[in-house]
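Written out below as structure tokens is the structure these notes cover.
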């Protein structure tokens, strides 16, 4: 055997061993349910930016469409209410809902204030987690 051929065989064997280790690591990761991170498919920043902007515009249009549909539904409810002859009672109906909403908001603000007090105690170093006394 020629010296160049022997050294070339060792290089091939090192590369083969490295490839086997990589393959084994991929197979073990796949068996464990882990997926390797995807390779970036966009090498051109401008095309990536254009695609991201298109998605953003699509989301914005969908959000706007949803907002318009909810506004139309609210108008429809009001119009139906008025058509049924309850023109003077709409304010009474909505005032009850507004009172309920304000009550819920006040309760949430109260709970947030209690939570903030507990967090302040934690910052001082009382050793509690803030949720142990609830």
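Numbering (my numbering), first residue to last: 47 to 180.
Heads up, the beta-carbon is just placed ideally off N, CA and C, and yes, glycines get one too.
Helix, strand or coil, according to DSSP, for residue 116 in the structure here?
As a working mapping, residue 116 is identified with position 70 in the chain shown. Reduced to three states, the DSSP call for residue 116 is helix.
Among 115, 140, 110 and 114, the one whose alpha carbon lies nearest that of residue 124
If you number the chain shown from 1, residue 124 lands on position 78. With distances taken between Cα atoms, residue 124 lies closest to 140.
Measuring only the C-alpha atoms, how far is residue 63 from residue 107?
As a position in the chain shown, residue 63 is number 17, starting the count at 1. As a position in the chain shown, residue 107 is number 61, starting the count at 1. Going by the C-alpha atoms only, they are around 54 Å apart.
Residue 152 versus residue 160: straight-line alpha-carbon distance, rounded
Position 106 of the chain shown, counted from the start, is the residue given in the question as residue 152. Position 114 of the chain shown, counted from the start, is the residue given in the question as residue 160. Each residue's Cα considered, the two are about 12 Å apart.
Tell me which residues share the same chain as residue 73 and place their Cβ nearer than 8 Å to its Cβ, disregarding the 5 neighbours each side in the sequence.
By one-based count along the chain shown, residue 73 stands at place 27. The answer is none, since no qualifying residue turns up.
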